[in-house]
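Participant: Structure in structure tokens, see below.
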Amino acid sequence: MHIRLIAVGDRQPAWVDTAFKDYAGRLPRPWKFALQTIATSRRRRHGDSSGARSEECEKILGKLANGERVVMLDERGSQLGSTELASSINDWQSDGRDVCFVIGGPDGLDEHCMARADFTWSLSRLTLPHGLARVVCVEQLYRACTVLEGHPYHRA
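Letter by letter, the sequence shown follows residues -16 to 139 of this note's numbering.
So this is what it looks like as structure tokens:
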């Protein structure tokens, strides 16, 4: 199983890049974890953001592979504890499909993107800046890996 993250927003603060690279570097090599970024679409100052979300969605959908398990990150999704996420990843590994996590743009994900989701995951009921969501996502993937390996990083 290979895992990747598609995230809207190609420029992040240095601390986001540093933290993200640290946790991504800890993930198991067989996962071949990769980050793919999509530029944030231009928004109108006082207009509707649906056009920008739709444009971002088209770019996201264009990067998804057939048969790939798609996990959309959205505040309205299911909240999982770290051990629940580890269990889900273990189940996903069993079916052999690659997994792609998706973080949308500043206005979230378009309904057409959400329709492509095999699972919708909420990191929190809080609204998080996208850079922080990236870091939390990859840290939780690392934590799930340590749970599955019995590594002491996760202390429950």
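We put the beta carbon where it would ideally sit given N, CA and C, even for glycine.
Reducing DSSP to helix, strand and coil, say where Ser107 ends up.
Facilitator: Sequence index remark: in the sequence shown, residue 107 carries index 124 (1-based). Note: Ser107 maps to coil in three-state DSSP.
Participant: Going straight from the alpha carbon of Gly133 to that of Ile72, what length do you get?
Facilitator: The sequence position of residue 133 within the sequence shown is 150, counting from 1. The sequence position of residue 72 within the sequence shown is 89, counting from 1. Each residue's Cα considered, the two are about 14 Å apart.
Participant: Assign Thr23 to one of three DSSP states: helix, strand, or coil.
Facilitator: Within the sequence shown, numbered from 1, the residue matching residue 23 stands at position 40. Thr23: coil per DSSP, three-state reduction.
Participant: Which residues does DSSP pair with Ala(-3) in a beta bridge?
Facilitator: Here residue -3 corresponds to residue number 14 of the sequence shown, with the count starting at 1. The partner list for Ala(-3) (beta bridge, DSSP) is empty, contrary to what the question assumes.
Participant: For Ala22, which of Ala7, Glu41, Trp14, Gly8 has the nearest alpha-carbon?
Facilitator: Within the sequence shown, the letter at position 39 stands for residue 22. Comparing Cα-Cα distances from Ala22 to each of Ala7, Glu41, Trp14, Gly8, the minimum goes to Glu41.
Participant: Roughly how many angstroms lie between the CA atoms of Tyr6 and His137, to the nearest whole one?
Facilitator: By one-based count along the sequence shown, residue 6 stands at place 23. By one-based count along the sequence shown, residue 137 stands at place 154. Approximately 14 Å, taken between the alpha carbons.
Participant: Going along the chain, which unbroken runs of the alpha helix (DSSP H) with 4 or more residues stay wholly within the stretch 44 to 91?
Facilitator: 65 to 78
Participant: From Arg59 to Ser107, what distance separates their C-alpha atoms?
Facilitator: Walking along the sequence shown from the start, residue 59 turns up at place 76. Walking along the sequence shown from the start, residue 107 turns up at place 124. Rounded to whole angstroms, Arg59 to Ser107 spans 9 Å at the Cα level.
Participant: Taking buried to mean at least 16 other C-beta atoms within 10 Å of its own C-beta, is Ala148 buried or exposed?
Facilitator: Because the chain is modelled from -16 through 139, residue 148 falls outside the range shown and cannot be assessed.
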